[in-house]
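Scroll down for the structure; my scribbles are underneath it.
In the working numbering, the protein residues as written are 107 to 261.
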């Protein structure tokens with residue numbers, strides 16, 4: 107139990123409000139921690155700005171913002187059998203844009219029969235998977251592949 111300095115007033119002992127607030131004040135932190143927090147704030151704002159959340163209904167935009175922030179601030183994120191460290195999750199979040207989130211919204215709304223117990227975690231996983239799929243979809247797109255050259259050694 108934290109120590110509270112008390113002042114004597116007659117028979118009763120009371121805790122001074124000024125002293126109480128200073129007792130519970132968080133100790134000052136070094137400049138490295140402050141710089142990292144500022145960098146994190148700048149980084150998450152950059153990611154959110156790239157998401158074009160203004161194109162969504164306010165409720166949908168809020169759901170996406172919450173999920174993206176949780177992904178960003180998580181120490182790691184588990185997808186299937188893989189546990190990705192924070193640095194990998196953050197690097198993927200920089201790829202997010204409005205089109206990827208529109209795809210995520212379509213997939214979330216397409217769920218008609220599966221009960222979701224943790225909607226935030228489900229949204230986080232859907233967003234993260236949509237980022238990966240946006241890259242792999244380009245690789246397997248028949249039209250884009252028909253425009254490209256044959257792979258090396260197949261000419």
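Virtual Cβ for every residue (Gly too), placed ideally from N, Cα, C.
No experiment lies behind these values; they were computed from the predicted model shown.
{"Item": "Skipping 5 residues on each side, what residues in its chain have a beta carbon closer than 8 Å to that of residue 149?", "Value": "178 and 196"}
{"Item": "Pick from 244, 243 and 229: whose alpha carbon is nearest that of residue 216?", "Value": "229"}
{"Item": "I need the DSSP call for residue 193, collapsed to helix, strand or coil.", "Value": "helix"}
{"Item": "In three-state terms, what does DSSP make of residue 176?", "Value": "helix"}
{"Item": "As a quick exercise: from 147, 200, 227 and 165, pick the residue whose alpha carbon is nearest that of residue 173.", "Value": "227"}
{"Item": "Taking the CB atoms as reference points, tell me whether residue 237 and residue 202 lie closer together than 8 Å.", "Value": "yes"}
{"Item": "Only counting the same chain, and skipping five residues up and downstream in sequence, which positions put a Cβ closer than 6 Å to that of residue 134?", "Value": "Note on residue 134: pLDDT 43, under 50, position unreliable in the model; the coordinate value appears next. Counting only Cβ-Cβ distances below 6 Å, and skipping sequence neighbours, we find nothing."}
{"Item": "Taking the beta strand (DSSP E) that residue 215 belongs to, which residues open and close that run?", "Value": "Here residue 215 belongs to no beta strand (DSSP E); instead the alpha helix (DSSP H) covers 204-215."}
{"Item": "Is the Cβ-Cβ distance between residue 207 and residue 170 less than 8 Å?", "Value": "yes"}
{"Item": "Would you tell me roughly how many angstroms separate the C-alpha atoms of residue 155 and residue 190, rounded to the nearest one?", "Value": "24 Å"}
{"Item": "Would you mind reading off the limits of the alpha helix (DSSP H) that contains residue 233?", "Value": "225-246"}
{"Item": "State the Cα-Cα distance for the pair residue 242 and residue 232, rounded to the nearest angstrom.", "Value": "15 Å"}
{"Item": "Contact check, residue 157 vs residue 186 under 8 Å by CB: the rounded distance?", "Value": "Actually they are not in contact, since the Cβ atoms of residue 157 and residue 186 sit about 24 Å apart, beyond 8 Å."}
{"Item": "Assuming residue 253 contacts residue 244 under a Cβ cut-off of 8 Å, what Cβ separation, rounded to an integer in Å, is found between them?", "Value": "So it is not a contact: roughly 12 Å between Cβ atoms."}
{"Item": "Excluding five sequence neighbours on each side, which residues of the same chain lie with their C-beta closer than 6 Å to the C-beta of residue 213?", "Value": "232"}
{"Item": "Which word fits residue 210, buried or exposed, when buried means at least 16 other C-beta atoms lie within 10 angstroms of its C-beta?", "Value": "buried"}
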